[in-house]
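Notes follow the structure.
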Amino acid sequence: LFWLLWLAMLVGAIIIIVVTPRCASPPQLAWWRSSPVYNVEVTAFRDSNKDNTGDFEGLTSKLDYIKSLGMTTLLLNSIFPTAPGSGGTTDFSTVDEGLLGTIHQFEALVNATKERDMHLVLEVLPGFTDATHPWFASSAKKENGFDDLYVWRDGAGGDDSKPPNDWTMADGQPAWSWNSDRSQFFLHRRGVTKPDLNLRSFQLRERFNEILRLWLDRGVSGFLVSNLTEGGASNMQEGDIPEVVVLLQDWRQLLANYSDSHDSMHRLLAVEALGKPAEMSRLYGSADEPLADLVLNGDFARRSGTLDAQVLNDVVHEALNATTAEGQWPSLVLGAKGVHRLAHRAGEELLDGLHMVAALLRGTPLFYYGDELGVQGDLQDPSKNYVMQWYHPSDSEGPSVTSVEAQRNETNSHLKVVQHAVALREKLAVRLGSTVTSVLNNGTVFTMLRVRKGTPGYLVVVNTAHEPVTVNLAEASSHIPESGHVDVVSTHSTRALQSKVRLGELSLDQHEALVLQFVPIFE
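Sequential numbering of the sequence shown, starting at 13, is according to this note's numbering.
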């Protein structure tokens, strides 16, 4: 009888296990949401043939380094051929082979990213070309299929004596110039050698559709649309935002159709823009008609001045508030080409804290190559590309503190802070949890809480003061318990990893930054 009862209980337990619905797995984030973006200037990253210029083969050889940072989305600044001294694109369909390597070497780079489960995204500048681009000469001659690719207007006086209007470039010079072949003025908001493309032109949009398909066939995972509104506030009269929306509608549909007809993988459409959150939100589109997946607002990358707890709080809220509708995904651009390096703008002493905030923020952070090392770049001319330092210079006695080699060998370094902080993006509270920020201790301490019920919570704490402070972290949120332990520490912190700390009375050294893990309190 005993064994019959035991067998019946066993069968019943098995039935219960089989028929009981399983808990749904937490949703996974899309690839461009889960990983930070690592933005590379190919010419300055890794030189493979000792011609003093970085190239595709050099970048391919360092993909494992990028992945070791926890970053699997690679954004390449424009790789298209440009006119010497101008920077304007002369051909959107190929790479600058004389500078970067062959198209076959580029395709090998793409294949290498795929082998590592990485995604490669290309920057495209569709707002203008160089005046030497074949399109411009054909448009000036009104050749069929090219006549309205650029912005042409008759003069206000009916001839070449007066431009169509008083629009100017950033330097105050007229944004219009006369073209004798066409007997009309053309618009050039970024310089006389960089004529503006007419984004309202159906002919132009068809040409760009062909170009995008070509690069998709080569294996790229998406595009960043940039430099559409550059040239001065007065030029916004041209209606940049509506023009951009038309372009994004075309490109969003093209990418969706391409994914549907191929492997179903989502292709990224990102746009770089400067402006107020309400304007930026328009670029995301709507639930019924989505446009950009990511809107990369470069305001913070161009911000100067003191970085304190209140500024950090403002930066986080500006990023989060740029997405006003459900389904929109925020971003935070830490650095960009042509501006001072993050370590210079934020101060090296606060660099680690800022990296912790970016890594654990709800959204996609963009890291500019080398910032993970704390490089300063050229302080006199930030437009000069910093050459990535992989090993210590041959004429020095020891490793450069901003070389990859040196920071890999340190017990703690800016590089390792980034690696450890980015690794926490896999945690449920960081992937899917809510965000609460606070400014404590009379504006000296910034905190950012990431919390989700049923899973450990994480708290970024940054002391922006030039002196030690003691802070009661329970003031940041009712979720904070009595104690937690240390997951990530800033470079100059003396605190041990995994050490237990009292959250109600936490002593912080000057400029110390921490990521703390704890068991959150829920009512």
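For every residue, glycine included, the Cβ atom is placed at its ideal position computed from N, Cα and C.
If you draw a 10 Å sphere on the C-beta of H200, you find 16 or more other C-beta atoms in it, and that means buried. Listed as beta-bridge partners of E284 by DSSP are L308.
Collapsing the DSSP output to three states places L240 in coil.
The beta carbon of T125 sits closer than 7 angstroms to the beta carbons of L75, L86, H131 and L132 from its chain, once the five residues preceding and following it are set aside; these are given in chain order. V416 places its beta carbon 8 angstroms or farther from that of V457.
DSSP lists L87 and Y380 as the bridge partner or partners of N51. Shortest Cα-Cα distance from D393 to any of P175, G350, D383 and V369 involves G350. When secondary structure is reduced to three states using DSSP, R514 falls in the strand class. For F220, the enclosing alpha helix (DSSP H) has its first and last residue at F214 to D229. According to DSSP, residue pairing for N191 in a beta bridge involves Q196. Counting along the chain, the unbroken alpha helix (DSSP H) around Y77 starts and ends at L75 to S80. If you check the CB distance, V501 and N424 come in under 8 angstroms. Here M21 carries a helix assignment [DSSP, helix/strand/coil]. Around the C-beta of D142, 16 or more other C-beta atoms lie within 10 Å, and the residue is accordingly described as buried. Nearest C-alpha to S47 among F379, L363 and Q196: F379. When the beta-carbon positions are compared, L161 and W179 stay at least 8 angstroms from each other.
Going by beta carbons, A95 and T144 fall inside the 8 angstroms limit. If you ignore the 5 residues before and after V107, its C-beta comes within less than 8 angstroms of the C-beta of F68, I91, F92, P93, G113, T114, I115 and F118, all in its own chain and listed in chain order.
The residues L444, in chain order, have a CB closer than 8 angstroms to that of P39 in the same chain once the five nearest residues on each side in sequence are set aside. Contact between the region 315-328 and the region 260-267 is not established, with fewer than three Cβ pairs separated by less than 8 angstroms. Contact annotation: the region 519-529 touches the region 486-500, with at least three C-beta pairs closer than 8 angstroms.
With contact defined as three or more Cβ pairs closer than 8 angstroms, the region 200-218 and the region 264-277 are not in contact.
For G469, the three-state secondary structure derived from DSSP is strand.
Here H274 is exposed. Its C-beta has fewer than 16 other C-beta atoms within 10 Å.
Around Y270, the same chain offers L228 as residues with beta carbons nearer than 6 angstroms, after the five sequence neighbours per side are excluded. The Cβ-Cβ distance between L385 and Q419 falls below 8 angstroms.
The beta carbons of G234 and A282 sit about 7 angstroms from each other, so the pair counts as a contact at 8 angstroms.
Of all C-beta pairs linking the region 297-312 to the region 431-450, fewer than three are shorter than 8 angstroms, placing the two stretches out of contact.
In this structure, DSSP gives S173 a state outside helix and strand, which the three-state scheme calls coil.
In the pairwise beta carbon analysis, the region 394-402 is classified as not touching the region 453-468: fewer than three pairs are separated by under 8 angstroms.
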